[in-house]
Amino acid sequence: MEGFRPPAEQAWDVQRRLIVTVDDFGLSVPVNEAIERGHRDGIVTAASLMVAEPAAADAVARARANPSLAVGLHVVVVAGRPLLPPERIPDLVGADGLFSSELARVGVKYFFGRGLRAQLEAEIRAQFEAFRATGLSFDHVNAQCHYHLHPTILGLILKVARDYGRPPVRIPDEPFGPSWRAQRRDLGARLAQAVFLSPFLQLMKARLRASGVAHNDHVFGFNDTGRMTQERVLAYLAQLPAGTTEMYFHAATERWPEIARDLAAYQLEDEYAALVSPRVADAVRASGAQPSRFRDLVDAR
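Here it is, written out as structure tokens:
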């Protein structure tokens, strides 16, 4: 892979793979810059594209200039901008034309509102189609705020994905033991997340297996979203379990005027610094985990 250049004599642990993904590709130019530089000069192997955001065209141009960067689709059905006009999805967006950020309320609405499914499917299909129109290889699929954990959304993604080659899907399963040993903080929050998400994760894994869709085994970054600093990343790298781990980030080279309030609380510049840190690159090499992309999981089958 061009972006992360290990020594020629590097011996990888064939039992462990590491995918390093940055989400929100296309959200802004500073995010796109962080992803491109993180791939060229750091450990980034993949990025998740938001096809409806203002800097999506810039992101696609950067991806084409860096063909070793794996790019997937970041499906947005909450807390973001739709691709379809409001009149096509009137029950999904507010007066501002955006998806709601009230995740719990929307989750109930999407589950019980069967009349919404046609609109949701239309929007999800439009995003898949927009990604295909870029001409980029379809590396993976995930969703804003991990909303592909929602049974309704996952079902629609799997339905639509059949027409787009069934790309691999992120399973946002952060293993409690390694997560706790790495950070030794927020015990209650880490345990609560593990317990609450367990039934959703088990259902997701079963549905992906039944659909023949490839996926990672673990993630790191779920419990430290927006706080994946160098020290946290180094601690996670020391606890990589067997299998395929995806470590994901939200990074930017600087702030931008239109940044959303929730994202403004993230340590975006610190996460970018971690991605291009020589110490982190050395730790990846020392871990022995093979830098990978989701498409490698398909090739390995």
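Numbering (the numbering used here), first residue to last: 24 to 324. Positions of the beta carbon are idealized from the N, C-alpha and C atoms, including for glycine. Keep in mind the model is a prediction, meaning the values are calculated, not measured.
Which of helix, strand or coil DSSP assigns to residue i
i	result
residue 268	strand
residue 150	helix
residue 173	coil
residue 290	coil
residue 278	coil
residue 89	coil
residue 233	helix
Cβ shell of residue i (< 7 Å), same chain only, five flanking positions each side left out
i	result
residue 291	273, 274 and 275
residue 228	194
residue 262	201, 204 and 205
residue 224	194 and 196
Proximal residues to residue i (C-beta, below 8 Å), its chain only, five neighbours per side dropped
i	result
residue 212	246
residue 126	101, 102, 168 and 170
Within 8 Å, strictly: CB atoms of residue i and residue j
i	j	result
residue 94	residue 171	no
residue 142	residue 74	no
residue 133	residue 169	no
residue 101	residue 124	yes
residue 105	residue 115	yes
residue 103	residue 38	no
residue 312	residue 40	yes
residue 264	residue 190	no
residue 253	residue 309	no
residue 45	residue 57	yes
residue 120	residue 79	no
residue 192	residue 147	no
residue 249	residue 288	yes
Contact set for residue i: own chain, Cβ-Cβ below 6 Å, skip 5 residues either direction
i	result
residue 83	157
residue 129	101 and 123
Nearest-angstrom beta carbon gap, residue j and residue i [assumed within contact, 8 Å]
i	j	result
residue 257	residue 303	6 Å
query = Is the stretch 204-219 touching the stretch 128-142 in the sense that three or more CB pairs, one from each, lie closer than 8 Å?
reply = no
query = Quick one: any contact between the stretch 236-252 and the stretch 260-269, if contact means 3 or more CB pairs under 8 Å?
reply = yes
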